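Structure record follows, encoded as C-alpha cells.
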Amino acid sequence: MHADTTTSRRPIGGAESYFIRSGYRSRGQVEYFLDETEDAVTWQPDVYPYAAARAKALGRDVLIDIGCGKAGKLASLADEYPAWTFIGVDFGDNLLWCRDNHSFGQWFEADLESSVELPIAPALVRRSVVVCSDVIEHLVNPIPALSLIRGLLMKGSAGAVLSTPARECRSGYDAPGPPRNPSHVREWASDEFQAMLRASGFEIHHAGLTRSDDFSNGLSTQLLLVGAEGTEGERP
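Every letter in the sequence shown is one number past the one before it in our numbering, and letter 21, counting from 1, is 172.
In C-alpha cells, the structure reads:
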C-alpha cells in the first residue's frame, strides 16, 4: 500500500503541535541517538553536497553542522575542500568521538534542546553556511535548535540547509504516528514543516525532496534552503 502523497483534508496544526495535523501522536521521549559510522547505507547522501554547492555559490568557506553526529559526511567534505573550515555542534558521546578521531574541524558542545547560543567566532559565522541534516525529528522540542540556526543567520551566515523526513512520502499525511523509526519523536509533512519554519522566523528560498538513502534512492526526505526573515541575506 502506497502512502497518499497528494493532500489531506485536515488543516495544518498550530504551534502547540509544532504545526502537525490533529490526531498525530509524537513520542514523549527517545534515547540519545548514537551515530553509527559502520552502516553500509549512506543516509541523505545529497544533503551535504548541496550545502557545499550553496557555500561555493555564495563565496563562503565555512560549514557549520548542527547535530553533526560523528561527522562522517563532514569528513568527506574536508577531504574535498581542505582549505575550508568545518565546525561540528553536538553533545555527549558523538562529540567526544569527533574530538578524539577527527584531525580536522572545530567541535562545540551544545544540547540542541536547551542551548541558547553557540560560542562560534563571529568572523567564522559571517563566512558560513549552516547544515542541519535529519536532526529536528530526534528532538522532543525542536524550537531551541531552530532558534540557534536562526541566530547564526542573523549574525551573517549566508543560509541554512535543513533536511527531515517527509511524512507524506513515507506513511501519508494523516498517519497517526508515532514514526516507525524509534529514534524519531515526530515526522512532519512538507507543508507542516514549512509552516513551522515560517512561524519561527525563516524565509524559505528552496523546498523540495531529496533521496533518503543511496540504496533505495527514494525521494522521501525534505530538503530546504532557508534564510532569516527580515535580513539582507544573500539568495542562492
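Just so it is clear, CB atoms sit at the ideal spot from N, CA and C, and this is done for glycine as well. The structure displayed is predicted, hence computed values, not measured ones.
The straight-line gap separating the alpha-carbon atoms of Ala261 and Leu269 is approximately 7 Å. Phe259 has its alpha-carbon roughly 14 Å from the corresponding atom of Ile300.
Note that the region 280 to 291 touches the region 304 to 318; at least 3 beta-carbon pairs, one per stretch, sit closer than 8 Å. Looking at Ser334, Gly239, Arg349, Gly243, the one whose alpha-carbon comes closest to that of Gln180 is Ser334. Residue state for Arg161 is assigned as coil, using DSSP reduced to three classes.
One Cα belongs to Lys306, the other to Val276, and the distance between them is close to 7 Å. In the three-state reduction of the DSSP assignment, Leu299 falls in the helix class, which pools H, G and I. Taking a C-beta distance under 7 Å as the contact criterion, Tyr201 and Gly328 do not qualify as a contact pair. Boundaries of the alpha helix (DSSP H) around Glu319: 318 to 321. With distances taken between CA atoms, Asn292 lies nearest to Leu263 out of Ala311, Leu263, His356, Ala379.
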